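*Asks:* Our numbering numbers the first residue of the sequence shown as 5 and each following residue consecutively. Right, I'll just put the structure down here and ask away after.
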Amino acid sequence: GDTDTTNTTISQQRELYDFDSLIDTEGDLIIPCLNNLALCALYTCRMRDAVNMMGGLVRENPSRYLTQSMAFNLCTLHELGSDNATSEKKKRVLQLIAKRFSLHDIGNESFRL
Numbered sequence: 005g006d007t008d009t010t011n012t013t014i015s016q017q018r019e020l021y022d023f024d025s026l027i028d029t030e031g032d033l034i035i036p037c038l039n040n041l042a043l044c045a046l047y048t049c050r051m052r053d054a055v056n057m058m059g060g061l062v063r064e065n066p067s068r069y070l071t072q073s074m075a076f077n078l079c080t081l082h083e084l085g086s087d088n089a090t091s092e093k094k095k096r097v098l099q100l101i102a103k104r105f106s107l108h109d110i111g112n113e114s115f116r117l
């Protein structure tokens, strides 16, 4: 029933986010690893998990996690999972975050506007 589905979803989320013991979370490779982990969620039909994970990282620390590839991938996911108006709004918010945190290395093309 619904309880089994909820428990499975919670278990899957724990598996998705339980990587702290496997990698050095302070190292330089953490950002591409997290980006790839989110894409793996997408490829296993867990797009919402991928969007939530990427969005959560951006909210946690935009200066660290909002990279050019993260912006591009998150904007692509917004296009795939939202109607045009909602997608445009979410992509513009990401663009504003990048501007607010002076993330000049992220080109406008990454936001797919």
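By construction, the Cβ of each residue, glycine as well, lies at the ideal position given by its N, Cα and C atoms. Please read all numbers here as calculations on a predicted model, not as lab measurements.
1) Which same chain residues, not among the five before or five after Ile-35, have their C-beta less than 8 Å away from its C-beta?
2) Would you identify the three-state DSSP class for Ile-110, choosing helix, strand or coil?
3) Determine the closest residue to Arg-52 out of Ala-102, Leu-81, Leu-41 and Ser-91, with distance taken between C-alpha atoms.
4) Beta-carbon within less than 6 Å of Thr-12's beta-carbon, same chain only, minus the 5 sequence neighbours each way: which residues are those?
5) Spatial neighbours of Asn-39 within its chain, please: CB distance less than 8 Å, with the 5 preceding and 5 following residues excluded, ordered by chain position.
6) Any idea what DSSP makes of Arg-96, helix, strand or coil?
7) On a CA-only basis, which of Lys-94, Phe-105, Leu-43 and Arg-50 is nearest Cys-79? Give me that one, please.
8) How far does the alpha helix (DSSP H) with Leu-43 in it extend, from its first residue to its last?
9) So for Arg-68, helix, strand or coil by DSSP?
10) Compute the minimum distance between the beta carbon of Ala-54 and the heavy atoms of the ligand PLP, and state whether it is under 6 Å.
*Replies:* In brief:
1) Same-chain partners within the cutoff: Arg-68, Tyr-69, Thr-71 and Met-74.
2) In the three-state reduction of the DSSP assignment, Ile-110 falls in the coil class.
3) Minimum Cα distance to Arg-52 is reached at Leu-81.
4) The predicted position of Thr-12 is uncertain, since its pLDDT is 49 and thus under 50; a value taken from the coordinates is nonetheless stated next. Apart from the 5 residues on each side of it in sequence, Thr-12 has no Cβ closer than 6 Å to any other Cβ in its chain.
5) Counting only residues of its own chain and dropping the five nearest sequence neighbours on each side, Asn-39 has a CB closer than 8 Å to the CB of Met-58, Thr-71, Ser-73, Met-74 and Asn-77.
6) DSSP places Arg-96 in the helix class (H, G or I) of the three-state scheme.
7) Answer by Cα proximity: Lys-94.
8) 34-47 is the span of the alpha helix (DSSP H), which, as asked, contains Leu-43.
9) In the structure shown, Arg-68 adopts helical secondary structure according to DSSP, grouped into three states.
10) With respect to the ligand PLP, the structure shown offers nothing to examine, as it has no ligands at all.
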